[in-house]
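Undergrad:
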Amino acid sequence: AQSVTQLDSQVPVFEEAPVELRCNYSSSVSVYLFWYVQYPNQGLQLLLKYLSGSTLVKGINGFEAEFNKSQTSFHLRKPSVHISDTAEYFCAVTSYSGAGSYQLTFGKGTKLSVIP
Amino acid sequence: KAGVTQTPRYLIKTRGQQVTLSCSPISGHRSVSWYQQTPGQGLQFLFEYFSETQRNKGNFPGRFSGRQFSNSRSEMNVSTLELGDSALYLCASSPSLGGNTEAFFGQGTRLTVV
Numbered sequence: 012a013q014s015v016t017q018l019d020s021q022v023p024v025f026e027e028a029p030v031e032l033r034c035n036y037s038s039s040v041s042v043y044l045f046w047y048v049q050y051p052n053q054g055l056q057l058l059l060k061y062l063s064g065s066t067l068v069k070g071i072n073g074f075e076a077e078f079n080k081s082q083t084s085f086h087l088r089k090p091s092v093h094i095s096d097t098a099e100y101f102c103a104v105t106s107y108s109g110a111g112s113y114q115l116t117f118g119k120g121t122k123l124s125v126i127p
Numbered sequence: 434k435a436g437v438t439q440t441p442r443y444l445i446k447t448r449g450q451q452v453t454l455s456c457s458p459i460s461g462h463r464s465v466s467w468y469q470q471t472p473g474q475g476l477q478f479l480f481e482y483f484s485e486t487q488r489n490k491g492n493f494p495g496r497f498s499g500r501q502f503s504n505s506r507s508e509m510n511v512s513t514l515e516l517g518d519s520a521l522y523l524c525a526s527s528p529s530l531g532g533n534t535e536a537f538f539g540q541g542t543r544l545t546v547v
């Protein structure tokens, strides 16, 4: 089974500064990788996904992530954060669980706090 | 298009009771998955249903069960509630099975067991 490690549980950053949220996954033959965002008292919203092709993936709200197969990483970046980016961010990977079904495995999450 | 709808949003139950949570997927989506989210354990997979059949189950006791109806709506049931079952329960729908398919999440049901 896959596992996902988000190295930082909390990341404070000043408004308009760049941010990187780190994610590593256990290796597999092929993976599909996702970043989701969760605002307080809300469900999860997809930010971006890597399925194949270009290793640099662009998502919503100015976020991007780079897939690095050799380092089994999928770090999320934003060049300039806003107050509205304050939320919890989850990295996730799918793994085949048999009978044509895939299971989405999440990391523990990183709480991003943007400081005015 | 309406999103994933979960009802109720908040629920308070007493230890030992049972509870049923409901999830209406996005129209046309046939796959529904359930997750439990707690501060300590994070997001943990409960089960997945596709075309009324349970396709996958996480590592939870038998007190946790679910079902899916012909219109793809899903329910999950927790019997003999324990304090540790207090959590945010999230439902996600997808148009099909497949690891490359995006999961769309509802806002969740916040269950508190007292």
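Protein sequence lines correspond, in order, to chains A and B.
Note that the working numbering has the first sequence beginning at 12, numbered continuously upward.
Note that the working numbering has the second sequence beginning at 434, numbered continuously upward.
Beta carbons are placed, not taken as given, at the ideal position from N, Cα and C, and that holds for glycine.
Can residue 58(A) and residue 48(A) be called in contact, C-beta distance under 8 Å?
TA: Yes, these two residues count as a Cβ contact at 8 Å.
Undergrad: What residues in the stretch 514 to 538 of chain B bring their beta carbon closer than 7 Å to a beta carbon of chain A?
TA: Result list: 523, 530, 531, 532, 533, 535, 536 and 538.
Undergrad: Going along the stretch 44 to 65 of chain A in order, which residues come within less than 9 Å of chain B, judged by CB to CB distance?
TA: Answer in chain order: 45, 47, 49, 52, 53, 54, 55, 56, 57, 60, 62 and 63.
Undergrad: Of all the CB atoms in chain A, is at least one closer than 8 Å to the CB of residue 469(B)?
TA: Not closer than 8 Å to any Cβ of chain A, the Cβ of residue 469(B) fails to qualify, so no.
Undergrad: From which residue to which residue does the beta strand (DSSP E) around residue 543(B) run?
TA: Segment 542 to 546, the beta strand (DSSP E) holding residue 543(B).
Undergrad: Please report the distance separating the alpha-carbon of residue 500(B) from that of residue 123(A).
TA: Looking at the two C-alpha atoms, the distance is approximately 36 Å.
Undergrad: Measuring only the C-alpha atoms, how far is residue 100(A) from residue 477(B)?
TA: Between residue 100(A) and residue 477(B), the C-alpha separation is close to 15 Å.
Undergrad: Looking at the secondary structure, which residues open and close the beta strand (DSSP E) in which residue 50(A) lies?
TA: Segment: none, residue 50(A) is in no beta strand (DSSP E) and carries neither H nor E.
Undergrad: Taking DSSP as the reference, what is the three-state secondary structure of residue 73(A)?
TA: Three-state result, residue 73(A): helix.
Undergrad: Taking the alpha carbon of residue 451(B) as the point to measure from, which residue in 533(B), 532(B), 527(B) and 512(B) has its own alpha carbon closest?
TA: The candidate whose alpha carbon is nearest that of residue 451(B) is 512(B).
Undergrad: Grab the span of the beta strand (DSSP E) containing residue 450(B) for me, first residue to last.
TA: Segment: none, residue 450(B) is in no beta strand (DSSP E) and carries neither H nor E.
Undergrad: Have a look at residue 508(B) and residue 447(B) and give me their C-alpha separation to the nearest angstrom.
TA: Those two C-alpha atoms are separated by around 20 Å.
Undergrad: Which class does residue 126(A) belong to by DSSP, given the choice of helix, strand or coil?
TA: Strand.
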